[in-house]
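22 is the number of the first residue of the sequence shown in this note's numbering; add one for each residue after it.
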Amino acid sequence: MAAVRLERVHPGAAGFHHWVELESAGGALGGDFDYRRLLADLRSVVRLAPAMTLSLRGVGGSTLHGELPPQRNFTVGGVDGLRAHTFAAFRGDQVALGQLEYSTAIGHIRHGDEENGLHAILFVDTGRAWSHPENWDVGHQRFAVDGGFGLSTAEDNLRVYFAKNLQDPSSDFVISARLQRPF
Numbered sequence: 022m023a024a025v026r027l028e029r030v031h032p033g034a035a036g037f038h039h040w041v042e043l044e045s046a047g048g049a050l051g052g053d054f055d056y057r058r059l060l061a062d063l064r065s066v067v068r069l070a071p072a073m074t075l076s077l078r079g080v081g082g083s084t085l086h087g088e089l090p091p092q093r094n095f096t097v098g099g100v101d102g103l104r105a106h107t108f109a110a111f112r113g114d115q116v117a118l119g120q121l122e123y124s125t126a127i128g129h130i131r132h133g134d135e136e137n138g139l140h141a142i143l144f145v146d147t148g149r150a151w152s153h154p155e156n157w158d159v160g161h162q163r164f165a166v167d168g169g170f171g172l173s174t175a176e177d178n179l180r181v182y183f184a185k186n187l188q189d190p191s192s193d194f195v196i197s198a199r200l201q202r203p204f
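Written out as structure tokens, the structure is:
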């Protein structure tokens with residue numbers, strides 16, 4: 022297997038961040054599998070005010086050739102995307118995911134170089150992973166949509182989310198915690 026990765030990622034820093042990954046297995050490389058897989062993850066953080074941010078993320082991936090082994094399938098669902106769904110609720114050889122997150126300080130206290138307090142978060146996630154080996158037919162997919170709110174420490178080392186499946190009014194809130202920013 023060979024992989025090429027182009028990367029510029031600084032989580033939480035304002036600006037545009039990305040990584041693009043092309044993975045190839047089989048062919049002249051030999052091995053048990055023969056496939057090519059492309060994944061792009063694009064992120065932007067916009068500082069609206071000193072204690073207010075808008076974070077955007079778009080992910081797209083496709084199997085360009087062959088059949089992916091199960092462990093290399095794309096997955097969507099869980100705290101990393103579609104926060105109201107179970108981990109890896111959607112699997113396949115194609116993926117599309119979009120995320121938007123607004124964060125603002127509440128009870129913001131600045132002491133010299135240190136920042137303390139809480140941040141309130143509003144978010145929406147939409148996406149799906151599916152199997153369609155012939156092409157990336159994103160226009161024919163029914164995307165899942167989750168939304169919710171959360172709280173984080175000012176340093177972003179603890180986040181608690183309350184997420185809901187927005188397509189199922191009877192769904193319960195899913196409560197999750199993270200020890201870092203999702204994107």
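For every residue, glycine included, the Cβ atom is placed at its ideal position computed from N, Cα and C.
Option in the options with minimal Cα separation from residue i
| i | options | result |
| --- | --- | --- |
| TYR123 | PHE111, HIS140, GLU155 and LEU89 | HIS140 |
| VAL67 | LYS185, ARG78 and LEU60 | ARG78 |
| LEU75 | THR84, LEU103, ARG64 and ASN186 | ARG64 |
| LEU60 | ARG163, ILE127, SER45 and GLY36 | SER45 |
| LEU43 | ALA70, LEU69 and THR84 | THR84 |
| ASP20 | THR96, LEU89 and HIS38 | Absent from the model: residue 20. The displayed extent of the chain is 22 to 204, so no value can be given. |
Proximal residues to residue i (C-beta, below 6 Å), its chain only, five neighbours per side dropped
| i | result |
| --- | --- |
| VAL80 | ASP62 and LEU118 |
Residue j beta carbon less than 8 Å from that of residue i
| i | j | result |
| --- | --- | --- |
| GLY87 | ASP55 | yes |
| VAL100 | PRO203 | yes |
| ALA72 | ALA35 | no |
| ARG180 | GLN162 | no |
Same chain, Cβ closer than 7 Å to residue i, five either side skipped, listed in chain order
| i | result |
| --- | --- |
| GLY98 | HIS106, THR107, PHE108, ALA109, ALA110 and PHE111 |
Chain-order list of residues whose beta-carbon lies under 8 Å from that of residue i (same chain, five-residue window excluded)
| i | result |
| --- | --- |
| LEU69 | LEU75 |
| VAL166 | VAL145, ASP146, THR147, ASN186, LEU187 and GLN188 |
| PHE194 | ALA105, GLY169, PHE183, ALA184 and LYS185 |
According to DSSP, residues forming a beta bridge with residue i
| i | result |
| --- | --- |
| LEU75 | VAL67 and TYR123 |
Exercise. Would the region 92-105 and the region 140-150 be scored as touching if the rule is three or more Cβ pairs under 8 Å?
Worked result: yes
Exercise. Is it a yes or a no for the region 152-159 touching the region 168-188, going by three-plus beta-carbon pairs under 8 Å?
Worked result: no
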